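The numbering of the sequence shown is numbering that gives the first Met the number 0, which starts it at 0 and goes up by one. Glycine is no exception: its CB is placed at the ideal position from the N, C-alpha and C atoms. Keep in mind it's a predicted model, so treat the numbers as computed, not measured. This report concerns only the one structure given below.
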Amino acid sequence: MYGAIGMGSRWKTELAKILAVLWILGSPVAAMGDGNLDAGRRAYEASDYGKAVEILQDAATKNPSDGEAYLLLAKSYFELRQYDAAIAAAEKAIGVTPDNSVYHEWLGRSYGEKASKTSWLSALSFAKKAQREFETAIRLDKRNFGASQALIEFDCAAPGIAGGGEDKAQPQIEQLAAMDASEGHYAAGNCRRQKKDYAAAEAEFDKALVDAKVPDLIFDIGDYAVKRKEPDRVTAVVSAGQRAAPRDVRIKFYRAAALILENEQPQEAEKLLREYLKTAPTRTAYPHPAVVHDWLGRLFENQDDREAARREYETSLQLEPRNKEAEEALKRLRKS
């Protein structure tokens, strides 16, 4: 087609410049930004968040218009519990793409965690900012169920002075249920959990598990059931997890927890927990290694192996020094 136009030398020169630019954009040098993003993502997936931050900072410097680099940087800081840095990175992602629902969701999550780690007066300000970000995320994408769940949890848990209120959550729960029944049941159950109405929460969680598709939703119910020491519900979580995400390593943890609660197949339970420790990422939505060592301690206590139990609880405390369950378990072992 270009030949039919009959270009003069000026246009040929301009074409040569354009082709040169296109060649550069396709070259390894230009692809470095994407390569850094991929490397940063691999470090993040491997739970090497410090390395991910280093790589992603470089990627963002070289390509400041890459919102995904800033998002992954925010998520890495989030896992490092550096919430100020997570907030700054998420804000930069939004600066690049203001209408990205997920970016606003993660800024809201970062504000929420910051609120839980600061003084009451500051917490109030951060909590309100979190609420606004979740609302924005939902306005931009009504099917952003993660943001919807976060906003509903906020409204059910936060006092009116912080902008919360169960009366605000109920219409949101109904809207969510109309789009996805399992998400609606989970949201209703989570709201009742915030109010310590555990019987109602469990009824909703059981309904949510029937057709749940999102692993994080399923295994959050698992966390609830484990803390409440409900082996039958933990087993239901395992079944739901196997349907939704059969390769998810969290299945091993919850299967082991159910066996320990039932005091059955101790060797299988230990095997599952050891495999989980070797393969699971260290990430917010996954049982922390300290918690896994707590369960190994319980396993050995069930077997009356006090020395092995003590080692596991001490390991748990080394990994998470403020782990009250491990502290209480060690006190119990010293007294008995």
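Under a three-way DSSP split, which group does Asn35 fall into? In the sequence shown, counting from the first residue as 1, residue 35 sits at position 36. The answer is helix: DSSP assigns Asn35 an H, G or I state.
Measuring straight from C-alpha to C-alpha, what distance separates Ile200 and Ala187? Walking along the sequence shown from the start, residue 200 turns up at place 201. Walking along the sequence shown from the start, residue 187 turns up at place 188. The sequence shown places Ala at residue 200, not Ile. Taking the Cα positions, Ala200 is about 7 Å away from Ala187.
Assuming Thr60 contacts His103 (C-beta within less than 8 Å), just tell me the rounded distance between them. What you label residue 60 is simply residue 61 of the sequence shown in a count that begins at 1. What you label residue 103 is simply residue 104 of the sequence shown in a count that begins at 1. So it is not a contact: roughly 24 Å between Cβ atoms.
Do Arg297 and Ile250 have their beta-carbon atoms positioned less than 8 Å apart in this structure? Position 251 of the sequence shown holds residue 250. Position 298 of the sequence shown holds residue 297. Cβ distance not < 8 Å, so Ile250 and Arg297 don't count as in contact.
Find out if the Cβ-Cβ distance for the pair Gly66, Asn99 is shorter than 8 Å. Indexing the sequence shown from 1 puts residue 66 at position 67. Indexing the sequence shown from 1 puts residue 99 at position 100. Contact: yes.
Member of Asp304, Gly183 and Glu313 whose CA lies at the smallest distance from the CA of Asp210: The residue labelled residue 210 in the question sits at position 211 within the sequence shown. It is Gly183 whose Cα lies nearest to the Cα of Asp210.
Same chain only: Cβ atoms within 8 Å of Glu173, ignoring 5 sequence neighbours per side: On the sequence shown, position 174 is the one that residue 173 refers to. These residues qualify, in order along the chain: Gly183.
Below 8 Å CB to CB, which residues in the same chain sit around Gln302 once its five sequence neighbours on both sides are set aside? Counted from its first residue, the sequence shown places residue 302 at position 303. Here the set comprises Pro265.
Work out the CA separation of Glu132 and Ala161 for me, nearest whole Å. Residue 161 sits at position 162 when you count from the first residue of the sequence shown. Residue 132 sits at position 133 when you count from the first residue of the sequence shown. If I take the Cα positions, the gap works out to 14 Å.
Give a yes or no on contact between the segment 72 to 83 and the segment 109 to 119, applying the rule of three or more CB pairs nearer than 8 Å. yes
Expressed to the nearest angstrom, what Euclidean distance is found between the alpha-carbon atoms of Pro280 and Ala38? In the sequence shown, counting from the first residue as 1, residue 280 sits at position 281. In the sequence shown, counting from the first residue as 1, residue 38 sits at position 39. Those two C-alpha atoms are separated by around 16 Å.
Does the Cβ-Cβ distance between Asp345 and Ala168 come in under 8 Å? The structure shown does not extend to residue 345, since the chain is modelled only from 0 to 335, so the question has no answer here.
Beta-carbon contacts of Glu267 that lie in its chain and below 7 Å, excluding the five residues immediately before and after: Translated into the one-based positions of the sequence shown, residue 267 becomes position 268. These residues qualify, in order along the chain: Leu258.
Asp293 and Ala325: beta carbons closer than 8 Å? For the purposes of this step, residue 293 is identified with residue 294 of the sequence shown, where counting begins at 1. For the purposes of this step, residue 325 is identified with residue 326 of the sequence shown, where counting begins at 1. Yes.
C-beta neighbour in chain C for Leu208, strict 8 Å: Given the protein chain composition of this structure (a single chain), no chain C is represented.
Near Ile151, what residues of its chain come up, given a Cβ to Cβ distance below 8 Å and the 5 sequence neighbours on each side ignored? To locate residue 151, count along the sequence shown from 1; it is residue 152. Excluding positions up to five away in sequence, the list reads Ala168, Gln171, Ile172, Leu175, Ala186, Asn189 and Cys190.
What separation, rounded to the nearest whole angstrom, lies between the Cα atoms of Ala235 and Phe218? Numbered from 1 along the sequence shown, position 236 holds the residue referred to as residue 235. Numbered from 1 along the sequence shown, position 219 holds the residue referred to as residue 218. About 10 Å.
Minimum length 4: unbroken alpha helix (DSSP H) runs contained in the segment 64 to 89: 66 to 78
Hey, Arg232 and Ser46 are a contact pair by Cβ (cut 8 Å); roughly how many whole angstroms apart? For the purposes of this step, residue 232 is identified with residue 233 of the sequence shown, where counting begins at 1. For the purposes of this step, residue 46 is identified with residue 47 of the sequence shown, where counting begins at 1. 28 Å between Cβ atoms; not a contact.
Out of Ala198, Lys194, Ile137 and Arg331, state which residue places its alpha-carbon closest to the alpha-carbon of Pro158. Residue 158 sits at position 159 when you count from the first residue of the sequence shown. The residue with the shortest Cα to Cα distance from Pro158 is Lys194.
In this structure, how does DSSP classify Thr96 when only helix, strand and coil are distinguished? Residue mapping note: residue 96 aligns to position 97 of the sequence shown, counting from 1. Three-state result, Thr96: coil.
Less than 8 Å between the beta carbons of Asn62 and Val101, yes or no? For the purposes of this step, residue 62 is taken as residue 63 along the sequence shown, with counting starting at 1. For the purposes of this step, residue 101 is taken as residue 102 along the sequence shown, with counting starting at 1. It is not a contact, given that the beta carbons lie outside the stated cut-off.
To the nearest angstrom, how far is the alpha carbon of Val52 from that of Ala92? Within the sequence shown, residue 52 is the residue found at index 53, counting from 1. Within the sequence shown, residue 92 is the residue found at index 93, counting from 1. Approximately 15 Å, taken between the alpha carbons.
Does the Cβ of Asp166 have 16 or more other Cβ atoms within 10 Å, making it buried, or fewer, making it exposed? As a position in the sequence shown, residue 166 is number 167, starting the count at 1. Asp166 should be labelled exposed.
Please classify Ser64 as buried or exposed, where buried requires at least 16 other C-beta atoms within 10 Å of its C-beta. Here residue 64 refers to the residue found at position 65 of the sequence shown. Counting the other Cβ atoms within 10 Å of the Cβ of Ser64 gives fewer than 16, which makes it exposed.
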